[in-house]
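K.L.:
Got a structure for you, questions after.
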């Protein structure tokens with residue numbers, strides 16, 4: 610009986626250790642999906658006609674996730690189809706990703722620079738902007754807005770995150786950054802925008818035109834493009850729909866909304882069931898030991 614008791618005790622200790630390790634490691638604490646086949650902005654945009662843009666899903670983000678690994682955040686941006694026609698540094702040439710992060714008090718409700726042609730929900734003023742292209746990763750703060758940022762003349766851009774690790778595998782961009790660069794993310798609000806990368810474009814966004822352009826996206830709606838968004842895809846909190854949100858630009862730039870990082874419900878449920886199982890096992894061991902002790906006492 611002592612051997613059984615000790616064995617069960619070892620199992621309980623291992624289970625508790627695994628649970629604590631999972632809590633310390635963070636695991637996959639957030640993910641959000643986006644519908645496939647919607648890299649068309651407000652529903653009326655078409656790809657440029659240059660051969661580099663031949664294909665489908667080239668700007669179509671399908672999933673975004675964050676994981677903690679020690680002192681790192683692991684960001685994953687999954688696309689339908691990542692290609693690299695211009696042989697970039699990181700292995701993807703076409704998408705531009707912007708991640709506006711609201712995770713501390715204060716911040717700004719304005720875009721870092723004119724480019725995306727959207728308005729950010731004022732309820733989530735941003736504190737950090739992570740911008741990702743196939744050639745660099747940059748991190749900005751609102752106070753950097755009026756400083757010079759010249760891609761072509763600066764040998765080393767002051768906002769380049771040199772220690773960023775970027776890998777591309779199976780149409781997913783994996784970005785690893787030190788946590789202290791970003792700050793706490795649980796409970797943070799994020800705006801995730803995807804455009805076409807253009808080193809000559811406003812804030813590196815590829816432009817929108819009404820004619821069938823060689824390098825720009827074409828709008829087929831015949832609407833006035835004064836306030837037309839340059840965002841080709843984005844991730845919104847449910848139940849908001851991309852087409853509906855981005856199409857509201859007749860009198861001003863469209864207003865977009867952030868999603869909030871919360872611990873994955875599946876991870877929470879797993880930990881609760883895990884802990885519940887440990888408690889039941891502990892009770893069973895206690896009852897077995899008590900029953901065994903009473904029998905020996907009677908004898």
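Residue numbers (the numbering used here): 610 to 908.
C-beta: ideal position from N, C-alpha, C; glycine also.
1) Given residue 834, which residues of its chain have a CB within under 8 Å of its CB, disregarding the five upstream and five downstream residues?
2) Where do the ends of the alpha helix (DSSP H) carrying residue 789 lie?
3) Name the two residues that bound the continuous alpha helix (DSSP H) containing residue 571.
4) So, are the CB atoms of residue 707 and residue 740 less than 9 Å apart?
5) To the nearest angstrom, how far is the alpha carbon of residue 682 from that of residue 858?
6) Going by DSSP in three states, residue 649 sits in which element: helix, strand or coil?
7) For the beta strand (DSSP E) that contains residue 709, what are its first and last residues?
8) Quick check on residue 656: buried or exposed, where buried means 16 or more other Cβ atoms within 10 Å of its Cβ?
9) For the 8 Å Cβ check, are there 3 or more pairs between the segment 801–811 and the segment 690–707?
10) Given a cut-off of 9 Å on the beta-carbon distance, is the pair residue 650 and residue 864 in contact?
11) Whose C-beta lies closer than 7 Å to the C-beta of residue 765 among residues of the same chain, with five residues either side of it excluded?
12) Tell me, to the nearest whole angstrom, how far the beta carbon of residue 777 is from that of residue 664; I am working on the premise that it is less than 8 Å.
13) Looking only at its own chain, which residues have a Cβ that is under 7 Å from the Cβ of residue 866, when we skip the five neighbours before and after it?
14) Tell me the rounded alpha-carbon separation between residue 684 and residue 843.
15) Just checking my contact of residue 841 with residue 668 at CB under 8 Å: how many whole Å lie between their CB atoms?
16) In terms of alpha-carbon separation, which member of 647, 807 and 696 lies closest to residue 851?
17) What does DSSP give as the partner residues of residue 769 in its beta bridges?
18) Does the beta-carbon distance from residue 773 to residue 870 come in below 9 Å?
19) Would you decide whether residue 680 is buried or exposed? Buried here means 16 or more other CB atoms lie within 10 Å of its CB.
20) Is the beta carbon of residue 792 less than 9 Å from the beta carbon of residue 736?
21) With DSSP as the reference, label residue 701 as helix, strand or coil.
22) For residue 748 versus residue 770, is the C-beta spacing smaller than 9 Å?
23) Going by DSSP, what residue range makes up the beta strand (DSSP E) through residue 827?
24) I need the straight-line Cα distance from residue 714 to residue 839, nearest angstrom please.
25) Checking 9 Å against the spacing of the C-beta atoms, do residue 697 and residue 671 come in under that value?
26) Tell me where the beta strand (DSSP E) around residue 798 begins and ends.
27) Among the residues of its own chain, which have a CB less than 6 Å from the CB of residue 744, if the five just before and after it don't count?
28) Tell me residue 909's beta-bridge partners as DSSP assigns them.
29) Would DSSP call residue 752 helix, strand or coil?
30) Compute the distance between the beta-carbons of residue 723 and residue 812, then report whether it is under 9 Å.
31) Since residue 692 contacts residue 794 with CB under 8 Å, what's their CB separation in whole angstroms?
32) Would DSSP call residue 861 helix, strand or coil?
P.N.:
Short version:
1) The sequence position of residue 834 within the chain shown is 225, counting from 1. Within the same chain, residue 834 has close Cβ partners 817, 818, 819 and 828.
2) Position 180 of the chain shown holds residue 789. Per DSSP, residue 789 belongs to the alpha helix (DSSP H) from 788–791.
3) The question about residue 571 has no answer here: the residues shown for the chain are numbered 610 through 908.
4) Numbered from 1 along the chain shown, position 98 holds the residue referred to as residue 707. Numbered from 1 along the chain shown, position 131 holds the residue referred to as residue 740. Taking 9 Å as the Cβ cut-off, residue 707 and residue 740 qualify as a contacting pair.
5) The residue you call residue 682 lines up with position 73 of the chain shown. The residue you call residue 858 lines up with position 249 of the chain shown. One C-alpha to the other measures close to 35 Å.
6) As a position in the chain shown, residue 649 is number 40, starting the count at 1. Of the three classes helix, strand and coil, the one that applies to residue 649 here is coil, per DSSP.
7) The count along the chain shown starts at 1 and reaches residue 709 at position 100. Run containing residue 709: 704–711, per the beta strand (DSSP E) assignment.
8) Reading the chain shown from its first residue, position 47 is the one you call residue 656. Residue 656 is buried by the Cβ-count criterion.
9) yes
10) For the purposes of this step, residue 650 is taken as residue 41 along the chain shown, with counting starting at 1. For the purposes of this step, residue 864 is taken as residue 255 along the chain shown, with counting starting at 1. No; because the gap between Cβ atoms is not below 9 Å, this pair is not in contact.
11) Mapped onto the chain shown, residue 765 falls at position 156. Cβ within range, chain order: n/a, list empty.
12) If you number the chain shown from 1, residue 777 lands on position 168. If you number the chain shown from 1, residue 664 lands on position 55. That belief does not hold up - the Cβ atoms of residue 777 and residue 664 are roughly 16 Å apart, past 8 Å.
13) Position 257 of the chain shown, counting from 1, holds the residue named residue 866. For residue 866, where only same-chain residues beyond five positions count, the Cβ hits under 7 Å are 730, 845, 846 and 849.
14) By one-based count along the chain shown, residue 684 stands at place 75. By one-based count along the chain shown, residue 843 stands at place 234. Taking the straight line joining both Cα atoms gives about 16 Å.
15) As a first step, residue 841 must be located in the chain shown, where it is residue number 232. As a first step, residue 668 must be located in the chain shown, where it is residue number 59. The pair is a contact, with the Cβ atoms about 4 Å apart (cut-off 8 Å).
16) Reading the chain shown from its first residue, position 242 is the one you call residue 851. For the residues 647, 807 and 696, the minimum Cα distance to residue 851 belongs to 647.
17) By one-based count along the chain shown, residue 769 stands at place 160. Residue 769 pairs with 747.
18) Residue numbering aside, residue 773 sits at position 164 when the chain shown is read from its first letter. Residue numbering aside, residue 870 sits at position 261 when the chain shown is read from its first letter. Cβ distance not < 9 Å, so residue 773 and residue 870 don't count as in contact.
19) Residue 680 sits at position 71 when you count from the first residue of the chain shown. Label assigned to residue 680: exposed.
20) Residue mapping note: residue 792 aligns to position 183 of the chain shown, counting from 1. Residue mapping note: residue 736 aligns to position 127 of the chain shown, counting from 1. Yes, the Cβ-Cβ distance between residue 792 and residue 736 is below 9 Å.
21) Walking along the chain shown from the start, residue 701 turns up at place 92. Correct three-state label for residue 701: coil.
22) Here residue 748 refers to the residue found at position 139 when the chain shown is read from its first residue. Here residue 770 refers to the residue found at position 161 when the chain shown is read from its first residue. Going by C-beta atoms, residue 748 is nearer than 9 Å to residue 770.
23) Taking the first residue of the chain shown as position 1, residue 827 is located at position 218. Run containing residue 827: 826–828, per the beta strand (DSSP E) assignment.
24) By one-based count along the chain shown, residue 714 stands at place 105. By one-based count along the chain shown, residue 839 stands at place 230. Computed Cα separation, rounded: 29 Å.
25) Taking the chain shown and counting its residues from 1, the one referred to as residue 697 is at position 88. Taking the chain shown and counting its residues from 1, the one referred to as residue 671 is at position 62. Taking 9 Å as the Cβ cut-off, residue 697 and residue 671 do not qualify as a contacting pair.
26) In the chain shown, the residue the question calls residue 798 occupies position 189. That run of the beta strand (DSSP E) goes 798–805.
27) What you label residue 744 is simply residue 135 of the chain shown in a count that begins at 1. Counting only Cβ-Cβ distances below 6 Å, and skipping sequence neighbours, we find 697 and 698.
28) Because residue 909 is not part of the residues shown, which for the chain are 610 to 908, the question remains open.
29) Looking up residue 752 in the chain shown gives position 143. In this structure, residue 752 counts as helix in the three-state DSSP scheme.
30) Here the question's residue 723 lines up with position 114 in the chain shown. Here the question's residue 812 lines up with position 203 in the chain shown. Yes.
31) Counting from one through the chain shown, the residue named residue 692 turns up at place 83. Counting from one through the chain shown, the residue named residue 794 turns up at place 185. That belief does not hold up - the Cβ atoms of residue 692 and residue 794 are roughly 30 Å apart, past 8 Å.
32) Mapped onto the chain shown, residue 861 falls at position 252. Reduced to three states, the DSSP call for residue 861 is coil.
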